[in-house]
Amino acid sequence: EFVIHGDIDYSDGEIEFAGTLRVNGDIKGKSRIKVKHDLFVTGSVEDAEIVAGGNVTIRGSFVGRGEGIIRAGGNVQLNVVLNQMAEAADSIVITKECVNGSLVAANAIRAARAIIMGGSATAGELIEVLDLGGELYSTTRVKLGLRELLTDKIKAIDKEIEFRTKGLDEIKDQIYILVRDRIDSNNFTTEKADQLKLLQKKLQEENEEIRALNDKKQQMSFELTKKRSPKLVVNGTIHQSVIAEINGVRFALKSSYRNVTFEELHGEIIRTKNFGEE
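Quick note: the sequence shown uses this note's numbering, first residue 5, plus one each step.
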């Protein structure tokens, strides 16, 4: 674990670290941080871009003008969110509130004692929240189920594979020209030899990237075949301003409800009272 004592701002440039990073301070606007493993921030994060291969934990607030984004290969734990975006390959935990944010979690959004108002929340398996929406607030959009999320990601992977494949053809053409030059010419320079080596290395790297993308696509396609029963659990109040969708079935509320769970069953939305509640 590497520790930075103090704040990080855009003047520090893009920070990239191959391990776990701890920041004992704030991350200011326009900062860009990329870590291979976990990121832990004791202070707040403004309009910054954060990418982590593991978990991201922000002890302070994640507040800005909507230009901040966190992408994590594991979990994201946040205290207060305002106008910002967070994506997690596993789950997102909100401990106090999320206002006008955009939350996307492949597994769950866990905000059992927190409020989500405005913006959107998307999860594959579970969204648990204290209060959802608000009487005088803008629409809060909630979506459960991985189908649309995975379908969109598969489409994005297909586009990237297509783009990389075209680049692959260009690299092969350049390699062919240099190889022919080496065979036919008596003056194949050291500079050209070095260029050929670089292109051959690039070709190998691109092939490996395409294989990895195809493996990722195959895994996502397999996930689409699994039967899931996602739930929206509200421990406090879900307000009428909420528009929700579970497994592709969209529904609007006719009134506000307290202490309820929503599930999709055979194309219909089922509402049940939470166990032990009035």
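Just so it is clear, CB atoms sit at the ideal spot from N, CA and C, and this is done for glycine as well. Because the structure is a prediction, the values reported are computed rather than measured.
contact_flag[the stretch 243-252, the stretch 139-151] where n(CB pairs < 8 Å) is 3 or more: yes
Euclidean distance between Cα positions of F167 and L203: 17 Å
Residues bridged to A248 (per DSSP): V146 and F255
Ordered list of alpha helix (DSSP H) runs contained in the stretch 119-194, each at least 4 residues: 151-188
Whole-Å CB distance - V85 paired with G64, under 8 Å assumed: Incorrect: roughly 11 Å between the Cβ atoms, too far for contact.
The beta strand (DSSP E) enclosing Y261, as first and last residue numbers: Taken as a continuous stretch (DSSP letters only), the beta strand (DSSP E) holding Y261 covers Y261 to L269.
For F66, the residue or residues it bridges with in DSSP: V49 and V85
Residue closest to R117, alpha-carbon to alpha-carbon, out of D11, A127, N111 and C102: C102
Proximity winner among R254, N79 and S260, relative to G271 (alpha-carbon distances): R254
Pair within 8 Å by beta-carbon distance, I131 and K220: no
Reduced DSSP category for A93 - H, G, I as helix; E, B as strand; rest coil: coil
Nearest-angstrom Cβ-Cβ length linking L107 and G128, presumed shorter than 8 Å: Incorrect: roughly 12 Å between the Cβ atoms, too far for contact.
Cut-off 6 Å between Cβ atoms - residues of its own chain near I62, not counting five sequence neighbours on either side: Correct list, in chain order: V45, V49 and L82.
Within 8 Å, strictly: CB atoms of K34 and A52: yes
Contact set for K206: own chain, Cβ-Cβ below 8 Å, skip 5 residues either direction: Cβ neighbours of K206 beyond the five flanking positions: I175.
Cβ pair F266, L236 closer than 8 Å: Yes.
Of the listed residues A115, E212 and R186, nearest to K201 (C-alpha basis): R186
Neighbourhood of I296 by C-beta distance below 6 Å, restricted to the same chain and skipping five residues each side: Residue 296 cannot be examined here, being either before or after the span of the chain that is shown, 5 to 282.
Among Y180, T169, N59 and A109, nearest to L154 - alpha-carbon criterion: A109
Neighbourhood of D42 by C-beta distance below 6 Å, restricted to the same chain and skipping five residues each side: T24, G58 and N59
Contact check, I214 vs I165, beta carbons under 8 Å: A contact, by the Cβ cut-off of 8 Å.
Minimum length 3: unbroken beta strand (DSSP E) runs contained in the stretch 194-245: 235-242
Minimum C-alpha distance to S245 - residue among P234, S259 and R232: S259
S15 in three-state terms, based on DSSP: helix
DSSP bridge partner residues for T61 (one or two, in chain order): F44 and Q81
Check whether G77 and A90 have beta carbons under 8 Å apart: no
DSSP state of A76 mapped onto helix, strand, coil: strand
Same chain, Cβ closer than 6 Å to G29, neighbours up to 5 away in sequence not counted: Same-chain partners within the cutoff: G10, D11 and G47.
Spatial neighbours of G123 in its chain, beta-carbon cut-off 6 Å, leaving aside the 5 residues before and after: Excluding sequence positions up to five before and after G123, its CB lies within less than 6 Å of the CB of N104, G105 and S106, all in the same chain and listed in chain order.
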